[in-house]
Amino acid sequence: MLQLKHIHHIAVICSDYERSKRFYTEVLNLAVLQEVYRAERQSYKLDLAVGDRYQIELFSFPDSPVRPSRPEAAGLRHLAFAVANIADAVAHLQRHNVTAEPVRIDEHTGKRFTFFADPDGLPLELYED
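Residue 188 is where the sequence shown starts when you use my numbering, and the numbers rise one by one after that.
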């Protein structure tokens, strides 16, 4: 029987590596664990820490096709980050000129959440935990 222990990492392919690197490190404050350039693939790989357990792998590849995300395209919908205070997190995004949708309430949990986008339009969620 297969037993998954936890999510190991989430891979994100970006269209502009330097722009996305700044967004994930300076706006979202994710710590850089490792950065490598893979010449054979003309690709950067940036490992970013999300808390003390998870990682985002940020990749750049030449000429990656655009993946539609709206309206509700099939496939992975979004990446959600837990935050202690949604209002503080939204204010932080606004200071970095990142627009978040209006805060909503999860009708099943009563928790507050909002969506915003990374530089490539990847939907990201902040969920008050």
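Glycine included, every Cβ here is placed at the ideal spot set by N, Cα and C. All figures in this text were calculated on a predicted structure; none of them were measured in a lab.
6 angstroms Cβ shell around residue i - same chain, five flanking residues per side excluded
i           : result
residue 202 : 307
residue 231 : 204, 224, 247
Identity of the residues DSSP links to residue i by a beta bridge
i           : result
residue 204 : None; residue 204 has no bridge partner.
residue 300 : 291, 314
Contact test: residue i Cβ vs the ligand GDP heavy atom, cutoff 7 angstroms
i           : result
residue 202 : Absence of the ligand GDP from the depicted structure is noted, as is the absence of any ligand whatsoever, leaving it without description.
First and last residue of the uninterrupted alpha helix (DSSP H) at residue i
i           : result
residue 194 : Careful: residue 194 lies outside any alpha helix (DSSP H) and carries neither H nor E.
residue 281 : 273 to 282
CA-to-CA distance, residue j to residue i, given in whole angstroms
i           : j           : result
residue 240 : residue 266 : 15 angstroms
residue 281 : residue 311 : 15 angstroms
residue 211 : residue 194 : 19 angstroms
residue 305 : residue 296 : 26 angstroms
residue 275 : residue 314 : 12 angstroms
residue 255 : residue 286 : 19 angstroms
residue 292 : residue 226 : 46 angstroms
residue 216 : residue 207 : 12 angstroms
N-terminal and C-terminal residue of the beta strand (DSSP E) that residue i is part of
i           : result
residue 294 : Counting along the chain, residue 294 falls outside any beta strand (DSSP E), and DSSP gives it neither H nor E.
residue 242 : 241 to 247
residue 305 : That residue, residue 305, is in no beta strand (DSSP E); it is neither H nor E in DSSP.
residue 235 : 230 to 237
residue 268 : 266 to 270
residue 254 : No beta strand (DSSP E) holds residue 254; DSSP gives it neither H nor E.
Same chain, Cβ closer than 8 angstroms to residue i, neighbours up to 5 away in sequence not counted
i           : result
residue 316 : 269, 270, 271, 298
residue 220 : 234, 235, 236, 242
residue 244 : 196, 197, 198, 199, 232, 233, 234, 235
Residues of its chain near residue i, where Cβ-Cβ distance is below 7 angstroms and the 5 sequence neighbours each way are ignored
i           : result
residue 251 : 200, 202
residue 283 : 214
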